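Trainee:
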Amino acid sequence: MALMAAIIYALASLFMGICAGLTFPRNYPLNEVTLLDSRSVQGELAWVASPTEGGWEEVSIMDEKNIPIRTYQVCNVMEASQNNWLRTHWIQRGPAQRVYIEIKFTLRDCNSLPGVIGTCKETFNLYYLESDSDNERFLHESRFAKIDTVAADESFTQVDIGDRIMKLNTEVRDVGVLSRAGFYLAFQDVGACIALVSVRVFYKKCPLAVRNLAQFPDTVTGADTSSLVEVRGSCVNHSEEQEVPKMYCGSDGEWLVPIGNCLCNPGYEERNEQCQVCKVGYYRSLSSDDGCRRCPLNSYSMKEGATSCDCDKGYYRSETDPASMPCTRPPSAPRSLISNVNETSVLLEWSPPLSTGGRQDLTYNVVCKRCARDGQRCVPCGEDVHYLPQRLSLRSTRVSVHQLQAHTNYTFQIWAVNGVSKQNPGPEQAVSVTLATNQAAPSTVMSVESKDITRHTLTLFWQEPEKPNGVILEYEVKYYEKDQNERSYRIVKTTSRKADIKDLTPLTSYVFHVRARTAAGYGEFSAPFEFSTNTVASRVVGVMSSAVLLLLVASCVVVLLLIFIIAFIITKRRSRYGKTKQAEEKRLQPGVRIYVDPFTYEDPNQAIREFAKEINTSSIKIEKVIGIGEFGEVCSGRLKLPGKREICVAIKTLKAGFTEQQRLDFLSEASVVGQFDHPNIIHLEGVVTKCKPVMIITEYMENGSLDMFLRKNDGRFTVIQLVGVLRGVASGMKYLSDMSYVHRDLAARNILVNSNLVCKVSDFGMSRVLEDEPEGAYTTRGGKIPIRWTAPEAITYRKFTSASDVWSYGVVMWEVMSYGERPYWDMSNQDVIKAIEEGYRLPPPMECPLALHQLMLECWMRERADRPKFSQIVNMLDKLIRNPATLKRIAGDTSRPHPSTLHHAPSGSPAPSLGSAEEWLKVIGLKQYRDNFSAAGHCGLESVIQINQDVCPQWKGNDPVNIIFQRIVCLGRFSAFSTETNRTFGASVFVL
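The sequence shown maps to residues -21 to -1, 1 to 971 in mature numbering (1 follows the signal peptide of the UniProt record, and there is no 0).
1. Do residue 174 and residue 224 have their C-beta atoms within less than 8 Å of each other?
2. Assign residue 272 to one of three DSSP states: helix, strand, or coil.
3. Excluding the 5 residues preceding and the 5 following residue 260 in the sequence, name in chain order all residues of the same chain whose CB lies nearer than 8 Å to its CB.
4. CA-CA distance, residue 64 and residue 155?
5. Cα separation between residue 1029 and residue 897?
6. Apart from the five residues on each side of it in sequence, which residues of its chain come closer than 8 Å, Cβ to Cβ, to residue 197?
7. Apart from the five residues on each side of it in sequence, which residues of its chain come closer than 8 Å, Cβ to Cβ, to residue 607?
8. Specify whether the segment 301 to 313 and the segment 406 to 419 touch according to this definition: at least 3 beta carbon pairs, one from each stretch, less than 8 Å apart.
9. Please classify residue 149: does DSSP put it in a helix, a strand, or coil?
10. Just checking, does the segment 349 to 367 make contact with the segment 467 to 475 on the three C-beta pairs under 8 Å criterion?
11. For residue 191, is the classification buried or exposed, using 16 other Cβ atoms within 10 angstroms of its Cβ as the cut-off for buried?
12. State the Cα-Cα distance for the pair residue 39 and residue 15, rounded to the nearest angstrom.
13. From residue 694 to residue 823, what does the alpha carbon distance come to, in whole angstroms?
14. For residue 792, count neighbouring C-beta atoms within 10 Å of its own C-beta (all shown protein chains included) and say buried if the count is 16 or more, exposed if not.
15. DSSP on residue 789, reduced to helix/strand/coil?
16. Take residue 432 as the anchor and find which of 479, 76, 444 and 449 has the nearest alpha-carbon.
17. Taking residue 863 as part of the beta strand (DSSP E), name the residues at either end of that continuous run.
18. Grab the span of the beta strand (DSSP E) containing residue 161 for me, first residue to last.
19. Just verifying my parser: in three-state terms, what is the DSSP assignment at residue 539?
20. If you count every other CB in all the chains shown that lies within 10 Å of the CB of residue 609, and 16 or more means buried, which is it?
21. Give the straight-line distance between the Cα atoms of residue 419 and residue 443, rounded to the nearest whole angstrom.
22. Mapping DSSP to helix, strand and coil, what is residue 574?
23. Select from 455, 866, 627 and 58 the residue whose C-alpha is nearest the C-alpha of residue 96.
24. Where do the N-terminal and C-terminal ends of the alpha helix (DSSP H) with residue 832 fall, by residue?
25. What does a CB cutoff of less than 7 Å around residue 342 pick up in its chain, not counting 5 residues either side in sequence?
26. Identify whether residue 60 lies in helix, strand or coil by the three-state DSSP scheme.
27. Within the segment 242 to 308, note down every full beta strand (DSSP E) run reaching 3 residues or more, in order along the chain.
28. Helix, strand or coil for residue 669 per DSSP?
29. Would you mind reading off the limits of the beta strand (DSSP E) that contains residue 775?
30. Since residue 109 sits in a beta bridge, which residues does DSSP pair it with?
31. If you measure between the beta carbons of residue 217 and residue 254, is that distance less than 8 Å?
32. Taking Cβ to Cβ, would you say residue 324 is nearer than 8 Å to residue 380?
33. When burial is assigned at 16 or more other CB atoms within 10 Å of the CB, is residue 7 buried or exposed?
34. Nearest CA to the CA of residue 338: which residue from 327, 346 and 296?
35. To the nearest angstrom, how far is it from the Cα of residue 734 to the Cα of residue 683?
36. Whole angstroms is fine: what's the gap from residue 884's alpha carbon to residue 60's?
In structure tokens form, the structure reads like this:
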């Protein structure tokens, strides 16, 4: 009876606990869509219970707002083997493929109920059943699939009820992938005192969102908890697509990685993720412009959504003026025009106009007119008039005009012109002057001919000059023998256009020049003409001789040019040889550093600009997200630079909300990688720093990190192929070492593999340049150190050198030969440090050639000076590749392990004398397995040796002792014996 009273009191307490001031949040997150909420049901829930009596019971309680809600409770804790079921109504899943069940419940502590030990439980089970329709009238328990067993984080007692301390549990479970139209939920009680306060079923979605002016609709998350659903957005009203907008809907209902964008149409601007129309008096001409701008000076807009502003009256805009430029006027006329006549040439000078019309493109045009004596009839000057520097679009306020006619009246106009002069030309833009040219000497005689040639005489004829510039008073003929080159000449004058030349030497060539004279004086002598006595006249220096002279000059120029080119090539080669020799000498000098540490720059942005090329975002197309980095998402995409083919690239992005220091830390890797150029070093394509998001673009490595690639392809490569992988990594590290550069984080995870299986060193986030000190070491100032890959001196003293990189390379060799196995397996970092200090070295992986493991051991020498250089490692691997026979001897073939592979006891301590299996397990740190060995009858060392002979190399059965021994001995997980102990066991227990 006392027990029954306690149970009844427990039920009452349970009901009181439910009613004790429970509060429920009514507002759910926007990314959750509720399919069922028991609190929102009006009236009874009427779920199906089995058994119908004595099991789950529906009761009413009042929430914090005194609104009745329906709950279910059960408290059958007196009898064992309870099996009470409660099933919900049919729930339509809608578009969801994965749903979440949120259960709020209270549970009574079994210890607070006397006499129910063994029958009282503190858990219940959750089940579900898919169905295409609501056709389940009865509760068929066997058809339901179990979701989980639900336990309470907190349970209440009788004291809690008295103090009104409510302990409400909330548990959430998910179910997927759902394929039917709906489902049922069921709750199984196995003997607990429990009350289901509320049950809510919901699924997650990425809610309607607007990013970069693109609207993304409500999107249900994917069926897998790790899947991303790609969604294409649509541009908001009054906008146009610049690049296809896309986002990814994550499994948690959050949008990720916006790609592409839309731009507001002209006449609209972006405000609050919408395109709002420009107000009156404002405009926006291009979709690439910033927001709406106020109309520029001397312009206006009379309506909303203007793409440009109209000019005020009297103001204009040229066709090439941007919409942002103020409207302007034509300039006023030039001032103070001055003319200076010199025979048939005129020099004109003027001052700039008082008003340029508000523009900077002011130029001048010259208009020339030839006028009659009365000054009334004027015609444009002919094309034979020359202007220096030019007639149109003059920038200077000075021009000289040549080859005018003598004794002629001219009128010159100087027009001031700008970009809008064509729209309103007028005389107010020009200044003019009228003048008359002076008497001028005649122009040059252009053609001379000869006839009536005898042994001593000849007659010359010529045409009047094209511009006599007055009355020709006489002509003057100058001639001389060709061989005398004008050192001794004679003059003949005549008033006609011919001259008889006498007293010539027979069979002699003469050169003749002719000029005319007016009252203004002599003109220029004509070009030389050559005639010979008693032969046919010929021009050698006139029209024909000009071609011969031009040919000779061109030949000389070509010869001189060839001499100059040859001299330039010889000089460049000598200079290049000198520079090469100087660079080689500089490289060989100790302490000379080729690599430039970007962290030494006073302004880190300068290093970024110097070593990384800026790329325009229009050349980059992001395609998908491939990972999450320390600073943001890592994507793959394509890069198309002008004049180059499109390539695949990897794109690291800097997440929004970054600080300036985070930006510099993010870009520092680019300023490091940008200095490297080697086929086994990741190649930097460039950076994006002038817009958001900030990005680092590198070549795309299709096969990802080396460790993951090896795990996916376990056992698929030959030894020669693996050695080739190691050779590529070593070559890249030799390049870094030659540049006096320390990587500090060399590991298989930081080596990338492309589609051609070329391995490239990457991830220079922890890298630093060597300091200028004799040891060539870098001392860190804190930060994480990858213990399993780091040399002892780097761990203890934080001294990093190329020798410490060699140690890390040895670990990489072990990773490659073990196909990506974790170094030191599941040992803790402290155990690894201790083991290395005591002389332990990693054993050879299975099927590892002895020569490769010997090279690993050399990389792991305690003294860093004893380790090989990367150049030596490359040479060693080249020899192995050239002689594959050296790779046939497997490390496991040796009858005695290398001393460095043994787990030595601390210095000074005696070698342990082992006589039992328990002592042996204690030495190797696995004493927790002594009971397993003892239970199997393996107490002495002889028995342990027999296990080795029985199970290695073929395992037999599932004996736990054999399995333990397999891990300890056969797979070489631990170096189990000291030197002395190894001698005791001999070759029968092969320990690596």
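Glycine residues also receive a C-beta, built at the ideal position from the N, C-alpha and C atoms. Since this is a predicted model, take the numbers as computed values, not measurements.
Mentor: On the basis of the data shown:
1. Along the sequence shown, one-based indexing puts residue 174 at 195. Along the sequence shown, one-based indexing puts residue 224 at 245. Going by C-beta atoms, residue 174 is not nearer than 8 Å to residue 224.
2. Working through the sequence shown from its first residue, we reach residue 272 at position 293. Here residue 272 sits in strand by DSSP.
3. Residue mapping note: residue 260 aligns to position 281 of the sequence shown, counting from 1. Taken in chain order, the residues that qualify are 273, 274, 279 and 280.
4. Locating residue 64 in the sequence shown gives position 85, counting from the first residue. Locating residue 155 in the sequence shown gives position 176, counting from the first residue. One C-alpha to the other measures close to 22 Å.
5. What the structure shows of the chain is the stretch from -21 to 971, and residue 1029 is not part of that stretch, so it cannot be assessed.
6. Taking the first residue of the sequence shown as position 1, residue 197 is located at position 218. Closer than 8 Å at Cβ, skipping near neighbours: 184, 185, 186 and 187.
7. As a first step, residue 607 is located in the sequence shown; it is residue number 628 there, counting from the start. Here the set comprises 613.
8. yes
9. Within the sequence shown, numbered from 1, the residue matching residue 149 stands at position 170. If DSSP states are grouped into helix, strand and coil, residue 149 belongs with the strands.
10. no
11. Locating residue 191 in the sequence shown gives position 212, counting from the first residue. So residue 191 ends up on the buried side.
12. If you number the sequence shown from 1, residue 39 lands on position 60. If you number the sequence shown from 1, residue 15 lands on position 36. Within the model, the alpha-carbon separation for residue 39 versus residue 15 is close to 18 Å.
13. Counted from its first residue, the sequence shown places residue 694 at position 715. Counted from its first residue, the sequence shown places residue 823 at position 844. Taking the straight line joining both Cα atoms gives about 16 Å.
14. The sequence position of residue 792 within the sequence shown is 813, counting from 1. Classification for residue 792: buried.
15. Position 810 of the sequence shown, counted from the first residue, corresponds to residue 789. In this structure, residue 789 counts as helix in the three-state DSSP scheme.
16. For this step, residue 432 is matched to residue 453 along the sequence shown. Ranking 479, 76, 444 and 449 by Cα distance to residue 432 puts 479 first.
17. Translated into the one-based positions of the sequence shown, residue 863 becomes position 884. Looking at the DSSP string, residue 863 is not in any beta strand (DSSP E), and its letter there is neither H nor E.
18. Taking the first residue of the sequence shown as position 1, residue 161 is located at position 182. That run of the beta strand (DSSP E) goes 161 to 168.
19. Position 560 of the sequence shown, counted from the first residue, corresponds to residue 539. In the structure shown, residue 539 sits in a helix (DSSP, three-state: H, G or I).
20. Sequence index remark: in the sequence shown, residue 609 carries index 630 (1-based). Exposed, by the Cβ-count rule.
21. On the sequence shown, position 440 is the one that residue 419 refers to. On the sequence shown, position 464 is the one that residue 443 refers to. For residue 419 and residue 443, the distance between alpha carbons rounds to 15 Å.
22. On the sequence shown, position 595 is the one that residue 574 refers to. Coil.
23. Position 117 of the sequence shown, counted from the start, is the residue given in the question as residue 96. If we check each option's Cα against that of residue 96, 58 comes out closest.
24. To locate residue 832, count along the sequence shown from 1; it is residue 853. Run containing residue 832: 829 to 838, per the alpha helix (DSSP H) assignment.
25. As a position in the sequence shown, residue 342 is number 363, starting the count at 1. Closer than 7 Å at Cβ, skipping near neighbours: 372, 373, 374 and 396.
26. Locating residue 60 in the sequence shown gives position 81, counting from the first residue. It is coil, neither helix nor strand.
27. 247 to 250 and 253 to 256
28. If you number the sequence shown from 1, residue 669 lands on position 690. Coil.
29. In the sequence shown, residue 775 corresponds to position 796, counting from 1. First-last for residue 775: 771 to 776, but that is the alpha helix (DSSP H), not the beta strand (DSSP E).
30. The residue labelled residue 109 in the question sits at position 130 within the sequence shown. DSSP output for residue 109 lists 162 as bridge partner(s).
31. Start at 1 with the first residue of the sequence shown, and residue 217 comes out as number 238. Start at 1 with the first residue of the sequence shown, and residue 254 comes out as number 275. Yes, the pair counts as a contact, with Cβ atoms nearer than the cut-off.
32. For the purposes of this step, residue 324 is taken as residue 345 along the sequence shown, with counting starting at 1. For the purposes of this step, residue 380 is taken as residue 401 along the sequence shown, with counting starting at 1. In this structure, residue 380 lies closer than 8 Å to residue 324 by Cβ.
33. In the sequence shown, the residue the question calls residue 7 occupies position 28. Residue 7 comes out exposed.
34. Residue 338 sits at position 359 when you count from the first residue of the sequence shown. When each option's Cα is compared against that of residue 338, the closest is 296.
35. For the purposes of this step, residue 734 is taken as residue 755 along the sequence shown, with counting starting at 1. For the purposes of this step, residue 683 is taken as residue 704 along the sequence shown, with counting starting at 1. Approximately 9 Å between the Cα atoms of the pair.
36. Your numbering for residue 884 matches position 905 in the sequence shown. Your numbering for residue 60 matches position 81 in the sequence shown. Unreliable positioning characterises residue 884 in this predicted model, as indicated by a pLDDT of 34, which lies under 50. The coordinate reading is nonetheless provided below. Approximately 58 Å, taken between the alpha carbons.
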